[in-house]
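With the sequence shown counted from 1, adding 8 to any position gets you this note's numbering.
Ideal Cβ positions, reconstructed from N, Cα and C, are used throughout, including at glycine.
Everything below concerns the one structure shown next.
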Amino acid sequence: MACVLEAPLRMSVLSEVTASSRHYVDRLFDLDPQKVLQGVIDMKNAVIGNNKQKANLIVLGAVPRLLYLLQQETSSTELRTECAVVLGSLAMGTENNVKSLLDCHIIPALLQGLLSPDLKFIEACLRCLRTIFISPVTPEDLLYTDASVISHLMALLSRSRYTQEYICQIFSHCCKGPDHQTILFNHGAVQNIAHLLVSTSYKVRMQALKCFSVLAFENPQVSMTLVNVSVDGELLPQIFVKMLQRDKPIEMQLTSAKCLTSMCRAGAIRTDDPCIVLKTLPCLVRMCSKDRLLEERAEGAETLAYLIETDVELQRMASITDHLIVMLADYFKYPSSVSAITDIKRLDHDLKHAHELRQAAFKLYASLGANDEDIRKKIIETENMMDRIVNGLAESSIKVRLAAVRCLHSLSRSVQQLRTSFQDHAVWKPLMKVLQNAPNEILVVASSTLCNLLLEFSPSKEPILESGAIELLCSLTQSENLALRVNGIWALMNMAFQAEQKIKSDILRGLSTEQLFQLLSDSDVNVLMKTLGLLRNLLSTRPHIDYIMSTHGKQIMQAVTLILEGEHNIEVKEQTLCILANIADGTTAKELIMTNDDILQKIKYYMSHSNAKLQLAAMFCISNLIWNEEEGSQERQDKLRDMGIVDILHKLSQSSDPNLCDKAKTALQQYLA
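Here it is, written out as structure tokens:
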């Protein structure tokens with residue numbers, strides 16, 4: 009029976025609550041402006057810190073009426089200001105509140121309010137706009153629909169410290185990606201905000217700093233501009249360095265470190281500049297220590313990972329600063345065991361940040377181990393590291409999975425680790441699982457890692473082959489995503505190196521002739537080079553060359569002709585001639601060249617080419633065709649002599665290039681033997 013009564017009971021409570029809120033809304037419609045004003049003030053006091061009251065007033069239709077009063081020119085400035093304050097308070101409630109406000113088109117109304125001459129009203133509108141724009145449910149693009157809005161906001165920056173704080177906060181939250189950065193930059197954001205870094209108000213300084221951290225992120229244009237801007241005779245990098253000193257609030261240290269990091273990554277500040285080596289890097293390592301808040305540790309590690317990602321000296325420096333590698337192991341210990349936590353809020357907090365911490369630690373380990381073998385060894389020897397990576401590959405959070413794969417990819421560059429730790433923990437199994445069904449961003453890094461696990465010295469190569477990798481990799485070569493196509497063909501190239509004939513046949517069968525031609529006519533030179541590398545690896549060792557050319561010879565010769573006739577760079581043509589040299593090394597396969605006058609003429613042409621690499625590659629073909637000890641060599645030598653090949657060899661034997669000269673002399677000896 010209780011179940012039946014429960015719904016009406018809730019309804020009666022709800023109607024009672026909304027009834028008690030109704031009089032607030034009713035007073036907004038009073039004919040006496042003074043009573044309306046008092047009603048809005050009372051409503052303001054009623055909703056402060058009361059989410060239930062906020063929700064009730066929204067349900068009862070308070071928002072459209074408040075917006076109407078806010079926009080009415082007949083409303084007093086005081087009333088309009090109080091309406092903006094109440095709307096701002098409603099926006100501070102739940103995300104649903106913000107959605108309701110957006111549905112009522114609050115943003116255009118507030119932006120219109122900024123045209124008022126009254127500063128208090130402008131500040132109230134900006135405060136409300138700030139609260140709405142920092143909500144995750146508000147689309148940032150709403151700020152950019154009208155270009156005049158940005159210009160007007162820039163102009164309002166000089167009005168008061170509140171306009172400065174709110175506008176900078178709006179900009180920093182709504183600047184997502186290069187398009188937004190460009191709009192703000194072109195509207196003079198750097199010049200208008202720079203002087204705010206020396207404001208007497210901490211909040212203004214902080215919001216200005218946050219603005220620069222998002223404006224400069226991955227943006228060379230902004231970074232190169234910032235490095236030359238000065239405020240009161242001091243350059244911005246110097247101001248940022250002052251802001252990351254230990255006596256400054258952590259939030260300020262972190263954000264200024266982010267600014268300097270972005271400028272360094274954009275090439276505006278050198279990686280060996282003292283402000284990076286002696287200030288930014290140590291500051292970020294400090295942020296990773298145990299005595300910092302979890303969110304600060306996550307942000308510090310993420311920023312440090314980005315700073316050192318491409319610079320080996322910074323990686324080495326970070327790895328020996330404050331026992332960083334060991335310190336990061338602590339990031340995996342959250343949430344602490346439940347029994348140790350009596351405070352439920354603390355548990356909730358730990359759970360919330362646990363993913364961020366693991367993601368940041370994996371990213372930083374990936375950056376630290378990107379180049380140096382000793383650092384990789386230290387990382388892998390950190391307690392339970394490989395188990396943590398394997399667990400990370402199976403996490404529900406895509407961001408953690410991606411960071412774990414990145415870490416694995418970084419460590420997989422180590423020959424030593426591929427032979428030991430990677431094999432001991434059979435990391436190929438969870439990696440293959442990740443490759444079965446993952447978003448493209450994870451697939452790209454996972455397939456790059458697989459390329460390394462398929463190198464000939466890796467013990468993982470065989471079990472990966474047995475687990476159906478060929479089919480998976482062949483399907484990647486058909487992806488619309490360029491990086492996946494490159495990785496698919498690259499992994500197959502590694503797989504084919506010194507492989508058994510069966511594996512080579514399986515690869516060719518899996519790819520199909522049609523797909524092979526598709527890859528050889530790919531617009532990306534990387535795909536083309538890796539495909540040629542695959543063909544070269546398939547066509548190695550005589551029995552394999554003869555077998556593959558007996559089954560796919562016609563198509564491969566077509567492909568070779570296609571490339572030698574096309575508009576390709578030297579490296580592509582050289583690789584293609586090397587494939588021909590491999591075919592010429594076959595016992596029966598070489599006849600496919602000897603009976604193809606078109607190909608023979610092309611080889612002759614490249615022997616006299618202006619590029620020595622192509623000449624040398626063409627000479628390898630000739631040497632393999634005329635080698636004395638092989639059956640039919642006399643007929644081949646005669647045919648090539650009739651084509652004028654011997655004359656070219658004589659000419660090349662006088663070449664100033666020692667490689668060409670030696671190769672030509674060796675070939676001529678075959679005629680003399």
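- DSSP places residue 96 inside the alpha helix (DSSP H), whose first and last residues are 85-99.
- Residue 356 and residue 152 have their C-alpha atoms roughly 37 Å apart.
- For residue 333, the closest of 368, 546, 358 and 360 by C-alpha to C-alpha distance is 368.
- The C-beta distance from residue 270 to residue 225 rounds to 5 Å, short enough to fall under 8 Å.
- In the structure shown, the three-state DSSP call for residue 391 is coil.
- Under the DSSP assignment, residue 619 falls outside any alpha helix (DSSP H); it carries neither an H nor an E label.
- Under the 8 Å Cβ criterion, the region 49-58 counts as touching the region 87-94, having at least three qualifying pairs.
- Setting aside the 5 residues that flank it on each side, residue 452 is surrounded in the same chain by 489, 491, 492 and 495, each with a C-beta closer than 8 Å to its C-beta; the list follows chain order.
- The shortest C-alpha to C-alpha distance from residue 79 to any of 155, 116, 104 and 106 is the one to 116.
- In the DSSP assignment, the residues bridged to residue 242 are 239.
- Cα atoms of residue 140 and residue 500: separation of roughly 51 Å, rounded to the nearest angstrom.
- In the structure shown, residue 557 adopts helical secondary structure according to DSSP, grouped into three states.
- Inter-residue distance for residue 234 and residue 249 is about 13 Å (C-alpha atoms, whole angstroms).
- Taking the CA atoms as reference points, residue 562 sits about 15 Å from residue 546.
- Residue 598 sits in coil when the DSSP states are folded into three classes, being neither helix nor strand.
- The straight-line gap separating the alpha-carbon atoms of residue 629 and residue 308 is approximately 57 Å.
- When the five nearest sequence neighbours on each side are left out, the beta carbons in the same chain lying within less than 6 Å of the beta carbon of residue 414 are those of 374 and 453, in order along the chain.
- The C-beta distance from residue 524 to residue 585 rounds to 18 Å, too long to meet the 8 Å contact threshold.
- Excluding its 5 nearest sequence neighbours in each direction, residue 538 has C-beta neighbours in its own chain below 7 Å: 494, 497, 498 and 501, listed in chain order.
- Residues of the same chain with a CB within less than 7 Å of the CB of residue 471, apart from the 5 flanking positions on each side, are 436 in chain order.
- Residue environment analysis places residue 425 among the buried positions, since at least 16 neighbouring C-beta atoms fall within 10 angstroms of its C-beta.
- No residue range can be given for residue 574, since it is assigned to no alpha helix (DSSP H) and is classified by DSSP as neither H nor E.
- Where residue 50 is concerned, the enclosing alpha helix (DSSP H) starts and stops at 41-55.
- Counting only runs that start and end inside the region 378-435, the alpha helix (DSSP H) elements of at least 4 residues fall at 381-388, 393-401, 406-419, 423-427 and 429-432.
- Counting only residues of its own chain and dropping the five nearest sequence neighbours on each side, residue 466 has a CB closer than 6 Å to the CB of 426.
- Remark: C-beta atoms of residue 292 and residue 315 approach each other more closely than 8 Å.
- Between residue 34 and residue 43, the alpha-carbon positions lie close to 11 Å from each other.
- Cβ atoms of residue 418 and residue 377 come within 8 Å of each other, at about 5 Å.
- In the three-state DSSP reduction, residue 356 falls in the helix class (H, G or I).
- Going by beta carbons, residue 665 and residue 620 fall inside the 8 Å limit.
- Going by beta carbons, residue 169 and residue 212 fall inside the 8 Å limit.
- In this structure, residue 252 sits near residue 261, with a CB-CB distance shorter than 8 Å.
- For secondary structure counted as the beta strand (DSSP E) over 3 or more consecutive residues, the region 453-533 holds no complete run.
- Excluding residues up to 5 positions away in sequence, 217, 218 and 221 lie with their Cβ nearer than 6 Å to the Cβ of residue 263 in the same chain.
- Residue 210 is classed as exposed because its beta carbon has fewer than 16 other beta carbons within 10 Å across all chains shown.
- Residue 226 carries a coil assignment under DSSP once its states are collapsed to helix, strand and coil.
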